[in-house]
Amino acid sequence: MDLFARELLLPRNVARSLHIDDGLSASAIALKLGAPFEVVAQQLFDALLMPPVPSAKAAPHVERPLNPLQAAAAAHRGDAYLLEAGPGSGKTQTLIARVEGLLEEGIDPRRILLLTFSNKAAGEMAERIARKRPEAAAAMWIGTFHAFGLDIIHRFHAELGLPRDPRLMDRTEAVELLEEEFPRLRLLHYRNLYDPTQIIADMLAAISRAKDEVVDAATYAALADAMVAKAESPEARELAERAGEVACVYAAYERLKRNAHCVDFGDLVALPVQLLEADAAIRTTLEAQHDHVLVDEYQDVNRSSVRLLRALRPDGLHLWVVGDANQSIYRFRGASSFNMSRFGKEDFSSGKRGRLKRNYRSVPEIVAAFSGFATTMGAAGADSGLEADRKGKGEQPELRTVARAEQQQVALADAIDELHRQGYSYRDQAVLCTGNERLATIGQDLERLGVPVLFLGSLFERPEVKDLLALLSVLVDRRAMGLVRIACWPEFMASFGDVAAIFEHLRAVEQTPGSWLQSIESIPGLSDAGRLAFGRLAVALSGLDQTTAPWTALAMLLLDRTRIAASLGKSEDLADRTRGIAIWQFLNFIRVQPAGRGLPIRRLLDRVRRLVRLGDDRDLRQLPAAAQHLDAVRLMTIHGAKGLEFGAVHLPGLNSDTIPRIPPPPPCPAPDGMIAGADGSALESFRAGQAEEQECLFYVAQSRARDRLILFAPTEKTNGHNRPLSPFLDRLGTTLVRRSVAPERALPVAEEARTIELVIEGRLRFGAPQIALYESCPRRFFYTHVLQVGGRRTATSFMHLHEAVRSVVEAVIASDVPVTERDLEDRTDAALAGEGLADHGYHTEFRDLALTMLRFFLSSRTRAVAEAPIALSLNFGGEEIIVQPDEVLVRPDGTRAVRRIRTGHLRSAETKDVGAAALIMAVGKAFPGAVVELVHLSDREVHPLSLSGRELEGRKDKLARFLGDIRAGQFPAEISSRTCPNCPAFFICGPTPDGPLQKKFA
Ligand code: SF4
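Count along the sequence shown from 1, add 326, and you get the number used in this note's numbering.
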């Protein structure tokens, strides 16, 4: 049922009153009104979780008259025209004036095409034209390049060999499709036999980049071949071979996508370009339909967009584009100031140019700062400065330095409060950063410092959404690890001891997920309070199980079984408002899940991990329009702030390690010759492009500010050494006032960083890999080895393959008799069958891979005599670390090799971490003169392991310190968007219940 019909059946204010004032649950309201539960629940969620929109009318939009440069640009007719328009110079107003002029001249609005890059910009353009000429706006084609391309695909689907309405395949689905195909592709450089998700995503990014350049799979392969032919060094040959492997994946992907009757995002422009360039009749048809083509944000176009424009307006007649090369910040999708520089030359050769020179947005002090910076930038160059139209206020941009990083957020909070006292509302202040991860930390810190912030960040990593995911996980997880989070909810609050008692009980008994909730009375070790808390949880989850649809389960929990939604709906607190919005967004996301195999909750959890891992959850970070009026500081990435303006802008992190920051080169570099206009190798052009983009980011960030611009930077590293400031600051010259500040308050400790009250009986005793886990993430160590709920995330077919190989390796090591090829094959077949891979569609490929790994393993121990591996022990002040080698071989020359066998690939940290150091130390003590080896079967490589005396001493100190920190209950989280989605504790990581946790390790 759509929104309109729902509102007719049950207006939101009525739903809200029935639930909050009358205390009726969603089910009770549904029964009372005879309405479906889903409809009532949806109305209640809208009414309770979304902030009410104030009824005050928006102030009328007042437009100033065009200045002479704007008027001349709007009046231009004939040849192609590029208007270079810096921030706040009135570019949209000029574009709209041109449209109005065309309409006044009698141009049929259906013959006007307006293109831009983002839906947001397209919506704003449509809205502003509609304000003046509503009928004309409805008749024009206004939208993004991709929407326009999709329109062409729909119209000419037969010529493109596509169904009438092809489905849009997103990256997550594409990765899944290629994962299935991966074993057959037999890649050498890009093979990842353990978990190919990331490398496939990287290759898809390379393919998407190729589509930006309208380079298809065959052309990609030809470019790779040309590189092979030219390669004169092993490095050049490897680069060429890598490009060839991407070409192979590209071809496979295109085939699979077509078989699924799908197109992808890159196809939306690339396919129409190929069609128009190849088919003169279609080109003529489309060319004749639009007399006037206008493009906003021309600095964001990539080559495929330019080629689309060239196909539509080959001679450039009546093509009018506006952009600002200094704001070119979409390199990753192929946009570059290169396209601006070609305009009127290689592209649309008869094209003319104009430039707007007046900034109407910012005070002169701020215009002077970013304009001065602009004249030193590589993108638009020396004459791209602007003059301010506004009168000065006397407030120059400021740099506030603090000593240490954690003081920066306090200085930021102080500055926000200071400006608030001066009359700047919170909503008219913005904190801008380059990345979302950094922004999330700043947002949490500001909240703890009492500053109201509006920021969703990564939806699935927000505490209230994690709470719901943890709750759902209890319905599918036999060990109920989500309890560690749920026991922190006020509704089900329980002590750590009670949670541990449930975990212990579940370790001992085999039960279906959630069934323990029916027998709480018989679980040993629970306190009375614990039984009551889990009893309430049992009531809240009664009737729900692993087959329940996630949305239904949460709707019942939030609206029928608890008053959680009601209390959020009643709250005036801004943090509660943001929580409500996040939950609303999450519920909307889970309402309709793609079809697939397996249990719905399990599928949802797997999908969430994958979305976060691939960064495909970005759309869910957008705040709904209803949130825009809330009086809270806006936290945004610089990309997200483009096109917006604020009274005050705060820019933290102005250090040389933050901006400019050149990211690592793409894992799958483009083949030479693919990127139009690139000088030198793909790598060189990547670096040059990134350097230019960093300047553009800084420029965009500064130019969002109307009245106040405050920059922040710490000057010391954690070790007390000097932390250099960003070199961009010197380029602001005297336009920037510098002062150091010393905040008076301290940053409050985050809830999840609290020390855990561990009561340890006896000494600590851990294996070397366990302590290595503490080094990579102490929090993960805590879940896995203290709470013992780490477990595993859902195993993929590849993981089953590795399990099978591992079991054969263990059997071979344990066996005294030599293994023949026949034995090996039989054991492999049995192990694969044991892992459920016997009937897999790629059984043959999996078997080949397994046998390749195992044959390598056997070859690596040829002619050596195996000794029974024994556990070795290291003592650290009474605590113990156990080292268990996988095998010990004595080679024909008498050398003893103590080996650790891994089926996967070598990780970069593995040869240097404390686990490796413990192995070396223990072997050195037990077998003087022995060598230590790491064997990685996926790499088919044996790495001798060694550390210098100094390195070993350093690791020894670390091991002692880690053991001390474990005893002291220190388990800080090492949050990383790359590793966390793979962590078994991903859905539960965060706060822990109160109370001591008793533990015995030895
Ligand atoms: S989710 Fe991330 S931070 Fe939390 S335990 Fe796992 S790896 Fe550590």
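Yeah, the Cβ is synthetic: ideal placement off N, Cα and C, and Gly gets one too.
Among E1087, R636 and L867, which has the Cα closest to the Cα of E672? R636
Since E1021 and M703 should fall inside the 8 Å C-beta cutoff, what is the C-beta to C-beta distance between them, to a whole number of angstroms? 5 Å
Following a CB-centred definition, is T1318 positioned closer than 8 Å to any heavy atom of the ligand SF4? no
Using CA coordinates, which residue listed in L1198, T1122, V1145 and L1184 is at the minimum distance from L1163? T1122
Could you give the DSSP three-state label for D957: helix, strand or coil? coil
Would the beta-carbon of R811 be found less than 8 Å away from any heavy atom of the ligand SF4? no
In the DSSP assignment, what residue or residues form a beta bridge with Y407? W646 and K678
Would you mind sorting L494 into buried or exposed? The rule is 16 or more other CB atoms within 10 Å of its CB. exposed
Count the other CB atoms within 10 Å of the CB of T1044; is the residue buried (16 or more) or exposed (fewer)? exposed
Sequence-ordered residues whose beta carbon comes within less than 7 Å of a heavy atom of the ligand SF4: C1103, R1105, R1106, Y1109, A1299, E1300, I1301, S1302, T1305, C1306, C1309, A1311, F1312 and C1315
Ordered along the chain, which non-local residues of its own chain (more than five positions away) have a Cβ less than 7 Å from that of R905? E790 and L894
Can you check which of these residues, A1244, R681 and V1261, is closest to E1213 by C-alpha distance? V1261
Rounded straight-line distance, which links the Cα of F915 to that of L798: 15 Å
4 or more residues per run - each alpha helix (DSSP H) lying fully within the region 430-498: 445-458, 460-465, 471-481 and 483-486
Helix, strand or coil: which one does DSSP assign to E1279? helix
So who's on the other strand from C588, going by DSSP bridges? R493
Within the same chain, show all residues whose beta-carbon is closer than 8 Å to that of E1267, passing over the 5 residues directly before and after it, in chain order. L1232 and V1261
Buried or exposed by the 16-neighbour rule on C-beta atoms within 10 Å, applied to S1011: buried
Could you tell me which uninterrupted beta strand (DSSP E) segments, each at least 3 residues in length, are contained entirely in the region 1199-1237, listed from first to last along the chain? 1205-1209, 1213-1216 and 1222-1228
Among residues of its own chain, excluding the 5 on either side of P1095, which ones have a beta-carbon nearer than 7 Å to its beta-carbon? G1241
Reducing DSSP to helix, strand and coil, say where L1263 ends up. coil
Own chain residues within Cβ distance below 8 Å of A864, not counting five before or after: L843, Q844 and I846
Alpha carbon to alpha carbon, how far is V632 from V648? Give it in angstroms, no decimals. 13 Å
CA-CA distance, T1058 and F696? What sits at residue 1058 in the sequence shown is Leu, not Thr. Their backbone Cα atoms lie some 7 Å apart in a straight line.
Would K1251 be called buried (16 or more neighbouring beta carbons within 10 Å of its own) or exposed? exposed
With a threshold of 8 Å, are at least 3 pairs of Cβ atoms found where one atom belongs to the region 402-410 and the other to the region 361-381? no
Hey, out of L1200, A1194 and R1091, whose CA is closest to V1216's CA? A1194
Just how far apart, CA to CA, sit H616 and A352? 52 Å
Please tell me whether G999 and A552 are closer than 9 Å, where the distance is taken between their beta carbons. yes
Let me check understanding here. Comparing Cα to Cα, which of Q722, R681, A557 and V575 lies closest to V693? Q722
What span of residues does the beta strand (DSSP E) with V621 cover, start to end? H618 to V621
How far does the alpha helix (DSSP H) with F1124 in it reach, from first residue to last? S1123 to A1140
Sequence-distant residues of its chain with Cβ nearer than 8 Å to V554 (five each side left out): R563, A566, E567 and G570
May I have the straight-line CA-CA distance separating K446 from L946, to the nearest angstrom? 15 Å
Over what stretch of residues does the alpha helix (DSSP H) that includes K683 continue unbroken? That residue, K683, is in no alpha helix (DSSP H); it is neither H nor E in DSSP.
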